[in-house]
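With the numbering used here as the guide, the letters of the sequence shown map in order to residues 1 to 406. All C-beta atoms in this analysis are idealised placements derived from N, C-alpha and C, irrespective of residue type, glycine included. Here is the structure we will look at.
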Amino acid sequence: MMNLKLNDLHPYPFAKMAELLADSPPADNYPAIKLGIGEPKHEPPAFVLKVIQDNLDKLANYPTTNGLFELRQSIAHWLERRFMLPHVNPNTQVLPVMGTREAIFSSVQALVNTDNQETQPPIVVMPNPFYQIYEGAALLAGAQPYFVACTKENNFKGDYRSVPDDIWQRTQVVFVCSPNNPTGSVMSLDDWEALIRLSDKFDFVIASDECYSELYFETPPMGLLQACAKLGRNDFKNSLVFHSLSKRSNLPGLRSGFVAGDAQLLAGYLKYRTYQGCAMPVPHQLASIAAWQDEKHVAANRQLYAQKFALWQQELGDLLDLKMPDAGFYLWVRVPERFVDAEGQPDDEAFVKALYSQVNIHALAGRYLSRDADGSNPGRGYIRIALVASLEENQEAINRIKTLLA
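Right, dumping it as structure tokens:
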């Protein structure tokens, strides 16, 4: 018999999109432009690929679960440089992982404790809209998701201060995504401090998904560990951060990331991973060292995204309600007034279908990244556009949207 908790999982957003568009053929007079999936399309660094090629013979070796010391050390040094941390212990405060997707999921399985919950399940708090792995991880760990709405009124960050005490008392993990997927909002020091104080009071783990932290315009976003250090909490108590080379270095297929923070939590998580059997191949580890030690390719990557954001703002800023994100590579776009549902509300599904059927542009309906909570769905009426395609394809997409809206 299968795990019955699998029945609680929602179809993934892209499965919902496929179902939505199944009866709508794409505009056959245009080649497809795919802006729906957040898969980086910029060229990966050639020097990183060369490291893999030069070390293929090391596929003959089993990798260790906690990775090479040299990789942990390079990650620790990167964290110290990037987030101005006084010291990160590579042996106890860093753990390489096979991409943050699997680490976000598996960490919840290791962190959530259902043994002491006699009547009500523990809670995992998460932003809404959100990265779907947060919810799936919570459900399969036997926890209940609690959604914090990210709306225009709270600058799309979510108001964690508004969560009632009775929810906090059952909370074991809080997910934060900063820079946020899909809204691009960034947590401030005040935001972090408020959440850290709540963690101290109610003893929950803060799990900060920071995979988009290097895709900024001018000011590097503050991370959770950086906020901890500013508050004198160099042990990073109850704090974990997740970082990846997928977006930073255009290496989504490398499946390379890390978790860092509270040494006590990481010790238990390492034990879990030893049984899970998910260790990064040695050639990938060596390539990751090269990637974490270089910033030139990251700066060039940021510049490419900045050009595309500027292009969209310049060309479509008067036709679409475009909110420039604080960081990341997504536009969180309010649906134009002409696309409404039967109740006269902005209809993200209708807009997505029009983009697909009339000008062959793939985007993602915001409601598929969100859940109905407290009587509303904060993603409804928005679409997510990932500026991952080339500058030329983005210009073509803009031209087509102008035609559609005209």
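Cβ-Cβ distance between residue i and residue j below 8 Å
i: ALA194; j: GLN172; result: no
i: ASN291; j: SER249; result: The identity of residue 291 in the sequence shown is Ala, whereas the question assumes Asn. Contact flag set, yes.
i: PRO221; j: VAL186; result: yes
i: ARG170; j: ILE123; result: yes
i: LEU254; j: HIS284; result: yes
i: TRP192; j: LEU215; result: no
i: LEU316; j: ILE398; result: yes
i: TYR275; j: ALA110; result: no
i: LEU319; j: GLN313; result: no
i: PHE83; j: GLN226; result: yes
i: ALA260; j: VAL88; result: yes
i: ASN29; j: VAL282; result: no
Residue i classed as buried or exposed, judged by whether at least 16 other C-beta atoms fall within 10 angstroms
i: ARG273; result: buried
i: HIS362; result: buried
i: PRO31; result: exposed
i: GLY257; result: buried
i: ASP262; result: buried
i: ASP326; result: buried
i: SER24; result: exposed
i: ALA300; result: exposed
i: GLU337; result: exposed
i: GLN345; result: exposed
i: ASN394; result: buried
i: ASN360; result: buried
i: PHE47; result: exposed
i: THR100; result: buried
i: GLY158; result: buried
i: LYS308; result: buried
i: LEU35; result: buried
i: ASP200; result: exposed
i: GLY328; result: buried
i: ASP190; result: exposed
i: SER106; result: buried
8 Å contact criterion, which residue i and residue j should meet: CB distance rounded
i: ASN55; j: LEU286; result: 5 Å
i: THR151; j: PRO378; result: 5 Å
i: PRO45; j: ILE75; result: Actually they do not touch by this definition, with Cβ atoms about 17 Å apart.
i: ALA373; j: ASN128; result: 6 Å
i: VAL108; j: VAL125; result: Incorrect: roughly 12 Å between the Cβ atoms, too far for contact.
i: LYS16; j: TYR356; result: Actually they do not touch by this definition, with Cβ atoms about 14 Å apart.
i: SER246; j: PRO40; result: 7 Å
i: PHE14; j: ILE37; result: 7 Å
i: GLN358; j: LEU404; result: 6 Å
i: PRO86; j: ALA229; result: 6 Å
One or two residues paired with residue i in a DSSP bridge
i: PHE242; result: ASP209 and VAL259
i: MET362; result: Just to set this straight, residue 362 is His in the shown sequence, not Met. Note: HIS362 sits in a beta bridge opposite LYS34.
i: CYS177; result: ASP209
i: ARG334; result: ASP321 and TYR382
i: SER376; result: ALA373
i: PRO145; result: VAL124
i: THR171; result: ILE123
is_contact[residue i, chain C] using C-beta, thresh 8 Å
i: GLN73; result: In the displayed structure, chain C is absent; only one protein chain is listed.
Inset, instruction - Examine the Cβ distances between the region 238 to 251 and the region 202 to 210 and report whether three or more of them are shorter than 8 Å. - result: yes
Legend entry - Inter-stretch contact at 8 Å, needing at least 3 Cβ pairs: the region 352 to 368 / the region 7 to 25: yes
Inset, instruction - Assess, as a yes-or-no matter, whether the region 284 to 303 is touched by the region 122 to 142 under the definition of 3 or more beta carbon pairs within less than 8 Å. - result: no
Legend entry - Cβ contact (3+ pairs, closer than 8 Å) linking the region 384 to 399 and the region 328 to 335: yes
Legend entry - Cβ pair count under 8 Å reaching 3, the region 207 to 224 against the region 174 to 190: yes
Inset, instruction - Examine the Cβ distances between the region 58 to 73 and the region 86 to 106 and report whether three or more of them are shorter than 8 Å. - result: yes
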